[in-house]
Amino acid sequence: MTFERAAAFAPINIALVKYWGKRDPVLNLPYASSLSVALAELGSLTVVAPSAELDANIMVVNDEPVDGAGLIKVGRVMRLIRQMAGNTEVRAGIRGVNTVPTAQGLASSASAFAALATAGCAAYGVDADETTLSRIARQGSGSASRSVHGGWVIWHKGERDDGLDSIGEQLHDADYWPLRALVAHVDIGRKKVSSTEGMQQSARTSPFFGAWVETCERDLRDCRWAIAQRDIDALANVVEANCLAMHSVMMATRPPLMYWQPATLAVIHAVRRLRAEGFECLFTIDAGPSVVVLTGQGSVERVAAEIGRIEGVARVTQTRIGGGAHLVPNG
Ligand code: PMV
C-alpha cells in the first residue's frame, strides 16, 4: 500500500455553550453537549507526510517541535488512523501552521486536531466521512470534534462508554446567519494551566461543578432556540450567561483558574454598554484572556472601534462565520 502526503485546513471554533469537564479523560468524552460556530480564515493548516523511514511520528507547529502531552495526543490520533488504514506501521512527519496564537485559550488545538484528522485520513487512504473525522479529532482535543464542521455545530456528548456517539454535527451552514466575529486579543504569553488539566481540577474541586453540568443542558436548549429564531438578544443572554457560569466554575476551582486580565473585563463592560445603546453584539471567552465578540453586520465597525481602543487589547481581528475542515491541494 502506498501513502501520500496530504494537507488540510481546519477552522477554530468558538463555543457558545461551553465544554468544561470530561467524563472520560482518555477518550475526551464530555459531561455535557456543547455548541459552537466556526470562524473563517483563523485556524490550522496541517501537512501529513507518511514515511517508511521514520520510527516515530514527528510534529512541528509554527516551526517548534511538539513534545510531551501534545505529542502523546498526536500519537493517539495517528494510531487510530493507522488502525483504520489496516494496522500499518508507517509513521509520519507532520507540519502544522496556526494562524492563531497557540495555547492562549483561542482553541488552536481544536483546529489543529481537526486538520490533523482530515489530512491524516487522506494521507493514509482512509475514506472517512465528517462524523468519523469528528470522532477521530475528538480524541486529540475534545473541541476539535466541532472544528471538522463549518457553521453552527453541536457536539453531542453521547451516552456510550466507547464514545462512538460523542460526535459533532452541523446544525446550520456558515451562510445561515451571517454574523461577524471580532477577536479582541489580550496577550499574556502562553497560559499556565492547559484546558485538560483545568477541567479535571474543576470537576474535582469546584463546588459549582454539578450545577454547571445541569446549566449546560438548559443553555443548549435556549441557544438552539435563539439560533432557530435568529434572535441576537436571546442569543446574547444565553451565550454570555453560559460563559460567565463557566468562568465562575473556573474561579471557584481550588487552586483558582483565573484566566481574565483587566482588559478582559473592560471588553465585557464595553460590549454590554454597546448593546444597551442598541448595537448588536455579545461576548464570550474561552480558557484564556482574549474575548470573542459576535456582532450583527451593521454593528461590526463601531464595536470593533470601541474595543480596539481599550487598554490591554493588543489588536482586534475581524472575521465571519466560516466553513469546516477541508483538504488543500498542494498545501
Ligand atoms: O478541547 P479543549 O481541551 O481545548 O477544551 C476547550 C475548552 C473551552 O475552549 C474552554 C470551551 C469549549 O467548548 O471550546
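For what it's worth, my numbering labels the leading residue of the sequence shown as 1177, then goes sequentially. Just so you know, even glycine gets a beta-carbon here, dropped at the ideal spot from N, CA and C.
How about residue i: is its Cβ closer than 8 Å to a heavy atom in ligand 1?
{"i": "M1375", "result": "yes"}
{"i": "G1498", "result": "no"}
{"i": "G1318", "result": "yes"}
{"i": "S1220", "result": "no"}
{"i": "N1238", "result": "no"}
{"i": "T1429", "result": "no"}
{"i": "M1422", "result": "yes"}
{"i": "W1196", "result": "yes"}
{"i": "A1286", "result": "yes"}
{"i": "N1204", "result": "yes"}
{"i": "A1186", "result": "no"}
{"i": "S1371", "result": "yes"}
{"i": "A1490", "result": "no"}
{"i": "V1501", "result": "Note that residue 1501 is Ala in the sequence shown, not Val. Checking every heavy atom of ligand 1 against the Cβ of A1501, none is found closer than 8 Å."}
{"i": "N1189", "result": "yes"}
{"i": "A1463", "result": "yes"}
{"i": "S1513", "result": "The structure shown does not extend to residue 1513, since the chain is modelled only from 1177 through 1507, so no value can be given for it."}
From residue i to residue j, what does the alpha carbon distance come to, in whole angstroms?
{"i": "Q1346", "j": "P1465", "result": "28 Å"}
{"i": "A1304", "j": "C1297", "result": "7 Å"}
{"i": "V1223", "j": "I1257", "result": "15 Å"}
{"i": "L1358", "j": "S1475", "result": "11 Å"}
{"i": "P1432", "j": "M1375", "result": "11 Å"}
{"i": "R1448", "j": "I1408", "result": "13 Å"}
{"i": "L1396", "j": "E1229", "result": "48 Å"}
{"i": "A1279", "j": "S1370", "result": "Legend: pLDDT at A1279 = 48, less than 50; position of this residue unreliable, no value from coordinates given."}
{"i": "F1289", "j": "G1262", "result": "21 Å"}
{"i": "F1185", "j": "S1287", "result": "8 Å"}
{"i": "R1491", "j": "S1342", "result": "36 Å"}
{"i": "L1205", "j": "P1241", "result": "27 Å"}
{"i": "C1419", "j": "S1227", "result": "43 Å"}
{"i": "G1301", "j": "G1197", "result": "34 Å"}
{"i": "A1452", "j": "L1411", "result": "15 Å"}
{"i": "M1434", "j": "H1423", "result": "8 Å"}
{"i": "G1488", "j": "A1481", "result": "14 Å"}
{"i": "G1272", "j": "M1235", "result": "8 Å"}
{"i": "E1416", "j": "A1291", "result": "29 Å"}
{"i": "K1368", "j": "T1493", "result": "24 Å"}
{"i": "A1402", "j": "L1192", "result": "11 Å"}
{"i": "T1178", "j": "W1388", "result": "48 Å"}
Let me check understanding here. Comparing Cα to Cα, which of the options lies closest to residue i?
{"i": "G1454", "options": "T1471, W1196, A1299", "result": "T1471"}
{"i": "V1213", "options": "I1234, I1497, D1341", "result": "I1497"}
{"i": "V1266", "options": "R1311, D1231, G1244, A1404", "result": "D1231"}
{"i": "H1502", "options": "N1204, P1201, L1309", "result": "L1309"}
{"i": "V1202", "options": "I1312, S1209, Q1259, N1418", "result": "I1312"}
{"i": "Q1473", "options": "L1420, W1353, T1372", "result": "W1353"}
{"i": "V1467", "options": "I1330, W1436, G1244", "result": "W1436"}
{"i": "T1460", "options": "N1413, A1261, A1481, G1484", "result": "N1413"}
{"i": "M1426", "options": "A1245, A1452, C1457, E1373", "result": "E1373"}
{"i": "E1378", "options": "G1269, A1421, I1234", "result": "Correcting the residue identity first, residue 1378 is Ser in this sequence and not Glu. Of the listed residues, the one whose Cα sits closest to S1378 is A1421."}
{"i": "E1180", "options": "G1269, S1210, K1249, G1327", "result": "G1269"}
{"i": "M1260", "options": "A1293, L1458, G1507", "result": "A1293"}
{"i": "E1335", "options": "S1209, K1194, T1381, A1350", "result": "S1209"}
{"i": "T1495", "options": "E1456, A1360, R1356, A1480", "result": "R1356"}
{"i": "A1182", "options": "D1398, A1295, I1330", "result": "A1295"}
{"i": "L1450", "options": "K1194, R1478, Q1315", "result": "R1478"}
{"i": "K1333", "options": "I1190, E1306, I1364, D1200", "result": "D1200"}
{"i": "D1337", "options": "V1504, V1469, Y1207, T1275", "result": "Y1207"}
{"i": "D1349", "options": "Q1315, I1486, L1215, V1469", "result": "L1215"}
{"i": "P1438", "options": "V1504, I1486, N1189", "result": "I1486"}
{"i": "S1285", "options": "A1225, V1324, D1351, P1383", "result": "V1324"}
Does residue i come within less than 9 Å of chain D when only Cβ atoms are used?
{"i": "D1200", "result": "Judged by its chain identifiers, the structure shown contains no chain D, having just a single protein chain."}
Which term fits residue i, buried or exposed, when burial requires 16 or more other beta carbons within 10 angstroms of its beta carbon?
{"i": "G1386", "result": "exposed"}
{"i": "N1238", "result": "exposed"}
{"i": "D1462", "result": "buried"}
{"i": "N1187", "result": "Here residue 1187 turns out to be Pro, not Asn, going by the sequence shown. P1187 should be labelled buried."}
{"i": "A1245", "result": "exposed"}
{"i": "I1483", "result": "buried"}
{"i": "L1340", "result": "exposed"}
{"i": "T1429", "result": "buried"}
{"i": "N1506", "result": "exposed"}
{"i": "R1406", "result": "exposed"}
{"i": "A1299", "result": "buried"}
{"i": "I1248", "result": "exposed"}
{"i": "W1331", "result": "buried"}
{"i": "R1322", "result": "buried"}
{"i": "Y1195", "result": "buried"}
{"i": "R1314", "result": "buried"}
Three-pair Cβ contact test at 8 Å for the region 1382 to 1397 versus the region 1247 to 1254:
no
Taking contact to mean 3 or more Cβ pairs, one atom from each stretch, closer than 8 Å, check whether the region 1211 to 1220 and the region 1430 to 1447 are in contact.
no
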